[in-house]
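Take a look at the structure set out below.
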Amino acid sequence: MLNKKVSDLLNEQINKELYSAYLYLDMNNYFDKRGLNGFANWYMIQAQEERDHAMLIYKYLQNNDCPIKLTAIAMPDKKFKKDMDVLKAGLEHEEYVTASIHTIYDAAYKVKDFRTMQFLDWFVKEQGEEETNARDMITKMELFGTDQRSLYMLNQELAARTYSAPSLVLD
Numbered sequence: 002m003l004n005k006k007v008s009d010l011l012n013e014q015i016n017k018e019l020y021s022a023y024l025y026l027d028m029n030n031y032f033d034k035r036g037l038n039g040f041a042n043w044y045m046i047q048a049q050e051e052r053d054h055a056m057l058i059y060k061y062l063q064n065n066d067c068p069i070k071l072t073a074i075a076m077p078d079k080k081f082k083k084d085m086d087v088l089k090a091g092l093e094h095e096e097y098v099t100a101s102i103h104t105i106y107d108a109a110y111k112v113k114d115f116r117t118m119q120f121l122d123w124f125v126k127e128q129g130e131e132e133t134n135a136r137d138m139i140t141k142m143e144l145f146g147t148d149q150r151s152l153y154m155l156n157q158e159l160a161a162r163t164y165s166a167p168s169l170v171l172d
């Protein structure tokens, strides 16, 4: 059985990951309403990833015989007035999730829970990628977002993104 604090933090992270999925669905909806189907696709895939992150943690807790406490998922509370608001909110949220993963890692480290630290290594790497992707989208929007043809091309690039589920084996 895992340390109670580590287990509690992992349970909280399930909720944070599911909230992230809700937030990205809201961002998907924003871009869908704007007619930017590529951006909408990008955020739909983000939502799928976050849901799967929650399920990885859920399964990890089950495999370690830990109680799972599912709590209410908060409603997304961001209001977006322009495209860049969405992108910046995405980066801000990824930085928040990264800090949360680091908090869990630190708690596991303090109690020498090497198994959980190894499990979290994938999430640490994933968060680095998520923050880089969010920053890259902001950079591209700053460079091309005001030109309609360039925005169209960026939208097409984002429409080509596909989803592949994480390949972690937890059994």
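Start counting the sequence shown at 2; every next residue gets the next number (this note's numbering).
We treat Cβ as the ideally placed atom computed from N, Cα and C, and that holds for glycine.
**Study point:** Sequence-distant residues of the same chain with beta carbon closer than 8 Å to ALA75, five excluded per side
**Key:** TYR20, TYR23
Point to revise | 6 Å CB neighbourhood of ALA109 in its chain, flanking five on each side removed | key: VAL7, THR117, MET118
Check your understanding: Roughly how many angstroms lie between the CA atoms of LEU159 and GLY39, to the nearest whole one?
Key -> 5 Å
Practice item. Let me know the alpha helix (DSSP H) ranges lying completely inside the segment 65-148, each 4 residues or longer, listed in chain order. Key: Restricted to the segment 65-148, the alpha helix (DSSP H) segments that are unbroken, complete and at least 4 residues in length are 84-111, 115-145, listed in chain order.
Check your understanding: Which value, in whole angstroms, describes the spacing of the CA atoms of LEU10 and ASN134?
Key -> Cα to Cα, LEU10 sits roughly 26 Å from ASN134.
Point to revise | Residue environment, PHE115, which counts as buried when at least 16 other CB atoms sit within 10 Å | key: PHE115 comes out exposed.
Check your understanding: Can you give the Cα-Cα distance for ASP121 and ILE102, rounded to whole angstroms?
Key -> The sequence as given places Leu at residue 121; Asp does not occur at that position. One C-alpha to the other measures close to 7 Å.
Review point. Rounded to a whole number of angstroms, what is the C-alpha to C-alpha distance between ALA155 and TYR106?
Key: The sequence given here has Leu at residue 155, not Ala. Distance between the alpha carbons of LEU155 and TYR106: 36 Å.
Practice item. Would you tell me roughly how many angstroms separate the C-alpha atoms of LYS126 and GLU93, rounded to the nearest one? Key: 17 Å
Check your understanding: Beta-carbon separation of ASN64 and LEU3 under 8 Å?
Key -> With contacts defined by Cβ atoms closer than 8 Å, ASN64 and LEU3 do not form a contacting pair.
Check your understanding: What runs of the alpha helix (DSSP H), each 4 residues or longer, lie entirely inside the segment 5-72?
Key -> 5-35, 38-64
Check your understanding: Mind checking whether PHE81 and TYR44 have CB atoms under 8 Å apart?
Key -> For PHE81 and TYR44, no; Cβs fall outside 8 Å.
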